[in-house]
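What follows is one structure encoded as structure tokens, with my remarks underneath.
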Amino acid sequence: MKNILNIIFVMFFFSCSMTKKEILSKGSSQCVENKKFKYEFYKNINIVDSLITKNQNESFHKSLKFISIYSHVSYESALNYSRTYPYGAYEKDRKGWMDWYEKNKCSNIQLKN
Numbered sequence: 001m002k003n004i005l006n007i008i009f010v011m012f013f014f015s016c017s018m019t020k021k022e023i024l025s026k027g028s029s030q031c032v033e034n035k036k037f038k039y040e041f042y043k044n045i046n047i048v049d050s051l052i053t054k055n056q057n058e059s060f061h062k063s064l065k066f067i068s069i070y071s072h073v074s075y076e077s078a079l080n081y082s083r084t085y086p087y088g089a090y091e092k093d094r095k096g097w098m099d100w101y102e103k104n105k106c107s108n109i110q111l112k113n
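Position 36 of the sequence shown, counting from 1, maps to 36 under my numbering, and the rest follow consecutively.
Put into structure tokens, the structure is as follows:
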């Protein structure tokens, strides 16, 4: 009888341990995306999108500055005669911004001041 109780205890212990492992693995694999950050990041990308071929005004440059806090912006490309951000650099950088967000979105990205 004592052996049977020991076997039952061991089986119960391992079944509980597996449940804990499953819970921990499920919890760690979930994506924690900061919706407020996502909204701000994409809002700034949309501003750049809408002004890249138009008037690269103060709003445009503020959006580039915001994006550059988190991802690469080719500011060196704007060191030209007209001091504008070239469309070719924008296309390359934009792809990098999107890739950066997709790679990091599940890490609960926080807005920096």
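Glycine is no exception: its CB is placed at the ideal position from the N, C-alpha and C atoms.
What are the boundary residues of the alpha helix (DSSP H) that includes V48? Per DSSP, V48 belongs to the alpha helix (DSSP H) from 35-51.
Would DSSP call S107 helix, strand or coil? Strand, per DSSP.
How many Å lie between L116 and Y39 at the Cα? With the chain covering 1 to 113 only, the question about residue 116 has no answer from this structure.
From L64 to Y42, what distance separates their C-alpha atoms? Straight-line Cα distance between these residues: approximately 12 angstroms.
For the candidate residues K112, D49, F37, D99, whose alpha-carbon lies nearest to that of P86? Of the candidates K112, D49, F37, D99, the one whose C-alpha sits nearest the C-alpha of P86 is D49.
Leaving out five residues on either side along the sequence, give the residues of the same chain with a beta carbon under 7 angstroms from the beta carbon of V73. Close CB contacts of V73 within its chain, under the 7 angstroms cut and outside five residues either way in sequence, are with L64, I67, D93 (chain order).
Please identify the residue among N55, E76, K103, N57 whose C-alpha is closest to the C-alpha of Y70. With distances taken between Cα atoms, Y70 lies closest to K103.
What does the alpha-carbon distance come out to for the pair L51 and G96? A straight line joining the alpha-carbon of L51 with that of G96 spans about 19 angstroms.
Please report how far the alpha carbon of C106 lies from the alpha carbon of W100, in whole angstroms. Their Cα atoms are separated by approximately 11 angstroms.
If you drop the 5 nearest sequence neighbours on each side, which residues of the same chain put their C-beta closer than 6 angstroms to that of A89? For A89, where only same-chain residues beyond five positions count, the Cβ hits under 6 angstroms are S74, S77.
Since E58 is in the alpha helix (DSSP H), which residue starts that stretch and which ends it? Element bounds for E58: 58-70.
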